[in-house]
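> So the sequence lines, in the order shown, correspond to chains A and B.
Using the working numbering, read the first sequence as starting at 428 and increasing by one per residue.
Using the working numbering, read the second sequence as starting at 8 and increasing by one per residue.
Don't be surprised by glycine CBs; every beta carbon is placed ideally from N, CA and C.
No experiment lies behind these values; they were computed from the predicted model shown.
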Amino acid sequence: QKEVEQNSGPLSVPEGAIASLNCTYSDRGSQSFFWYRQYSGKSPELIMFIYSNGDKEDGRFTAQLNKASQYVSLLIRDSQPSDSATYLCAVTGPARQLTFGSGTQLTVLP
Amino acid sequence: DGGITQSPKYLFRKEGQNVTLSCEQNLNHDAMYWYRQDPGQGLRLIYYSQIVNDFQKGDIAEGYSVSREKKESFPLTVTSAQKNPTAFYLCASSIDSSGSGGGADTQYFGPGTRLTVL
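1) How is the beta strand (DSSP E) around A:Gln532 delimited, first residue to last?
2) Anything in the region 508–520 of chain A with a Cβ closer than 7 angstroms to a Cβ of chain B? List those residues in chain order, please.
3) Does the distance from the CB of B:Phe62 to the CB of B:Cys30 come in under 7 angstroms?
4) Under 7 angstroms between beta-carbons, which chain B residues line up against A:Ser470? List them in chain order, please.
5) Output needed in chain order: residues of the region 470–501 of chain A with a Cβ under 9 angstroms from some Cβ in chain B.
6) Under 7 angstroms between C-beta atoms, does B:Gln48 make it to chain A?
7) Starting from the beta carbon of B:Leu34, find every residue of chain A whose beta carbon is closer than 9 angstroms, and list them in chain order.
8) In this structure, how does DSSP classify A:Pro441 when only helix, strand and coil are distinguished?
9) Under 7 angstroms, do A:Tyr498 and A:Arg464 count as touching if we go by C-beta distance?
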């Protein structure tokens, strides 16, 4: 079982819709959870992080964490074509270093 | 203007050659990291350093070496022992690497170096 798993997609949503990205992790001791966005050929850029169970909102983005079920999700409201990218989930692993999922490719259709 | 810089942007290596990738940060971060990304893959940790003059192997350290002589700099050498070095190399830094959920472990990335073996 991979330490961090994401649906690789591609996930397509129409412009203005809500995009939902999911991530599960295996280490129950993980305490830090991150979402990064990566455009093709570019480096990852931080969208947001979450540490506590529940929801955390930042603009059009909402991260949701459920430690009991070991999943973290990212919702993007009012999706725009500029949101088309690969979204990477990252979780602190057993050695307290980040472990990344392989990413979900999102396409927002105009 | 704070940030992380990597150079060169593109690098070509011949068989049997060692090459060094530069990573510099002026964010006053203690921790620095090197990752490798292959097409369609997530990031894999090569080496990390929590403090000057100290570094630890990550998941795929074989064929790579690093040094941390200054807080601002964490160069990565890809040696001839690395048999499949063609990849996108990313350097990152964070305030620390505690992983304790306090925010200081948030990693920020440089623009990357794309290495190709000829």
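Result, derived from the coordinates:
1) In the first sequence, counting from the first residue as 1, residue 532 of chain A sits at position 105. Note, A:Gln532: beta strand (DSSP E), Thr531 to Leu536.
2) Leu515 and Thr519
3) Residue numbering aside, residue 62 of chain B sits at position 55 when the second sequence is read from its first letter. Residue numbering aside, residue 30 of chain B sits at position 23 when the second sequence is read from its first letter. For B:Phe62 and B:Cys30, no; Cβs fall outside 7 angstroms.
4) Position 43 of the first sequence, counted from the start, is the residue given in the question as residue 470 of chain A. In chain order: Leu97, Phe116, Gly117, Pro118 and Gly119.
5) Ser470, Pro471, Glu472, Leu473, Phe476, Tyr478 and Ser479
6) Indexing the second sequence from 1 puts residue 48 of chain B at position 41. Taking Cβ atoms only, chain A reaches closer than 7 angstroms to B:Gln48, which makes this a yes.
7) In the second sequence, the residue the question calls residue 34 of chain B occupies position 27. What B:Leu34 touches in chain A: nothing, since even the nearest Cβ is about 13 angstroms away.
8) For the purposes of this step, residue 441 of chain A is identified with residue 14 of the first sequence, where counting begins at 1. If DSSP states are grouped into helix, strand and coil, A:Pro441 belongs with the strands.
9) As a first step, residue 498 of chain A is located in the first sequence; it is residue number 71 there, counting from the start. As a first step, residue 464 of chain A is located in the first sequence; it is residue number 37 there, counting from the start. No.
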